[in-house]
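A.B. asks: In the numbering used here, the protein residues as written are 182 to 324.
One structure follows; several queries about it will come next.
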């Protein structure tokens, strides 16, 4: 497996955005900073420095969990795309996904095609998620 390069970090920043006051995301989960949901409640605030530190800590934690799920060799870009995906949908969702099953069967093309299926929140297709999944898939197939 590749050494971490945090190749998915730019995607997370682009699609999560950073808000220093807690807000309800489209899935109705309290969120703060760069998409942090751990122990967040209404009325919470943070500084930019705290949001950045949380993102780096969470990226590394998500990457470790993704690495534990992936049983085949991946590139730095593939790992980054998977971390961005898991950061948004959750490690559990990745773990039970067809995307992961195909990847672990060394069907990299099939796995790349699965990103697009994850474009809904609350049962509704969201344009932002459609764009994010397309960006993750593009990073996944990039040399």
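All residues carry an ideal CB built from backbone N, CA and C; glycine is no exception.
These numbers were taken from a predicted model, which means no experiment stands behind them.
Between residue 129 and residue 211, which are expected to be in contact by the criterion C-beta below 8 angstroms, what is the C-beta distance as a whole number of angstroms?
C.D. replies: Beyond the ends of the chain as shown, which are 182 and 324, falls residue 129; an answer cannot be given.
A.B. asks: If I'm right that residue 322 touches residue 293 with Cβ under 8 angstroms, what's the distance once you round it to whole angstroms?
C.D. replies: Contact holds; Cβ gap of about 5 angstroms.
A.B. asks: Can you give me the C-alpha to C-alpha distance between residue 298 and residue 186, rounded to a whole angstrom?
C.D. replies: The alpha-carbon atoms of residue 298 and residue 186 are separated by roughly 26 angstroms.
A.B. asks: Could you tell me if residue 214 is buried or exposed, where buried requires 16 or more neighbouring beta carbons within 10 angstroms of its beta carbon?
C.D. replies: Under this definition residue 214 is a buried residue.
A.B. asks: Using a threshold of 9 angstroms, state whether the C-beta atoms of residue 314 and residue 266 are closer than that.
C.D. replies: Against a cut-off of 9 angstroms, the Cβ pair of residue 266 and residue 314 comes out as a contact.
A.B. asks: Could you tell me which whole alpha helix (DSSP H) segments of length 4 or greater appear in the region 236-300?
C.D. replies: DSSP runs (the alpha helix (DSSP H)) wholly in the region 236-300: 257-270, 272-276, 279-285, 289-295.
A.B. asks: Once DSSP output is grouped into helix, strand and coil, what is the label at residue 313?
C.D. replies: In this structure, residue 313 counts as helix in the three-state DSSP scheme.
A.B. asks: With DSSP as the reference, label residue 322 as helix, strand or coil.
C.D. replies: If DSSP states are grouped into helix, strand and coil, residue 322 belongs with the helices.
A.B. asks: Given that a residue counts as buried once 16 or more other Cβ atoms are within 10 Å of its Cβ, and exposed if not, what is residue 259?
C.D. replies: Residue 259 should be labelled buried.
A.B. asks: Using only CA atoms, which one of 311, 309, 223, 241 lies nearest to residue 261?
C.D. replies: Comparing Cα positions, the closest option is 241.
A.B. asks: Is the CB-CB distance between residue 257 and residue 306 below 9 angstroms?
C.D. replies: Cβ distance not < 9 angstroms, so residue 257 and residue 306 don't count as in contact.
A.B. asks: Check residue 201 in the structure and name its three-state DSSP category.
C.D. replies: In this structure, residue 201 counts as strand in the three-state DSSP scheme.
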